[in-house]
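J.: The following block contains the structure, expressed as structure tokens.
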Amino acid sequence: MCTTKVELLYQTGQERKLNSMCSDFTNMACGQLCRKTPEMFFDRRFRLKRNGNVEIKIAEDERQLLSSLIEQLRELVLSTAPEGAVDPSLRRLYPAAYANDDQHEVEYQRSMRDQLLERRLSHLDAVETTLNDSELNQETLNYWIMSINDLRLVLGTHLDVSEEDEPNFLDDDDPQQHQSAIYHYLSHLLGELVEVANN
């Protein structure tokens, strides 16, 4: 066992960096989870049941990782002021509605940011509560989709990758290798969730 430190990138306007501890990856050497990411893409973690619920089959180390990432995202969004500039790592979560009209943009952000924050926190709470469950109902499945997508958007912003970019697995000695592997893992997880939701 080992403890792998994964810096999930977050740096607020106050230059405060949050770190994630991905703890005790059972039967894995440090960093092996990231190196195994392409291999993990072949695993099927979600299956639609006859009763309409979705069966979850994800490993304990994945649950620990998601729990850590959720806690970091919660802390980050809670640090966002109801108005004013948004932390750069959150810009994809709060896209501008009036890019060429500062006054209307300020009014829009003031009226919408608290609502978006409340909604995101509710979704994160729902995912955290069901992380150890064996199945999800359709409503909770949607919360998983939205929260995993939020995590992926924030991480993608830090890595400066977009939807159009081809998957790129970095070398083990690259300082962003762990974050890149987690980004690709979240992308695959999101794809599985969307696929089972559409069935």
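Residue numbers (my numbering): 47 to 245.
Just so it is clear, CB atoms sit at the ideal spot from N, CA and C, and this is done for glycine as well.
Only a predicted model underlies this, so the values are computations on that prediction, with no experimental measurement involved.
Starting from the Cα of L122, find the closest Cα among S135, T176, A105 and S113 and give me that residue.
T.: For the residues S135, T176, A105 and S113, the minimum Cα distance to L122 belongs to S135.
J.: Alpha carbon to alpha carbon, how far is A131 from P141? Give it in angstroms, no decimals.
T.: Spanning the two alpha carbons is a distance of roughly 11 Å.
J.: Output the distance between the C-alpha atoms of I194 and H169, rounded to the nearest integer angstrom.
T.: If you take the alpha carbons of I194 and H169, they lie about 10 Å apart.
J.: How far does the beta strand (DSSP E) with V100 in it reach, from first residue to last?
T.: V100 -> beta strand (DSSP E) spans V100 to I102.
J.: Check whether chain B comes within 8 Å of W190, counting only Cβ atoms and requiring the distance to be less than that.
T.: Absent from the structure is chain B; it holds one protein chain and no more.
J.: Sorted by chain position, which residues of the same chain lie with C-beta nearer than 7 Å to L177's C-beta, five sequence neighbours on each side aside?
T.: Only R109, L112 and S113 meet the Cβ criterion.
J.: Taking the beta carbon of A1 as the centre, do at least 16 other beta carbons fall within 10 Å, making it buried, or is it exposed?
T.: A query on residue 1 cannot be resolved here, the shown segment of the chain reaching from 47 to 245 and no further.
J.: In terms of alpha-carbon separation, which member of A172, N245, T126 and N183 lies closest to R156?
T.: Per the Cα distances, T126.
J.: For R165 and D148, what's the separation of their Cα atoms in angstroms?
T.: So the alpha carbons of these two residues sit roughly 25 Å apart.
J.: The alpha helix (DSSP H) spanning L94 covers which residue range?
T.: First-last for L94: F92 to L94, but that is the beta strand (DSSP E), not the alpha helix (DSSP H).
J.: How is L139 classed by DSSP in three states: helix, strand or coil?
T.: If DSSP states are grouped into helix, strand and coil, L139 belongs with coil.
J.: Does the Cβ-Cβ distance between V240 and I191 come in under 8 Å?
T.: Yes. Within cutoff.
J.: Determine whether the beta carbon atoms of N99 and N183 lie at a separation below 8 Å.
T.: Their beta carbons are under 8 Å apart, which means N99 touches N183 by this criterion.
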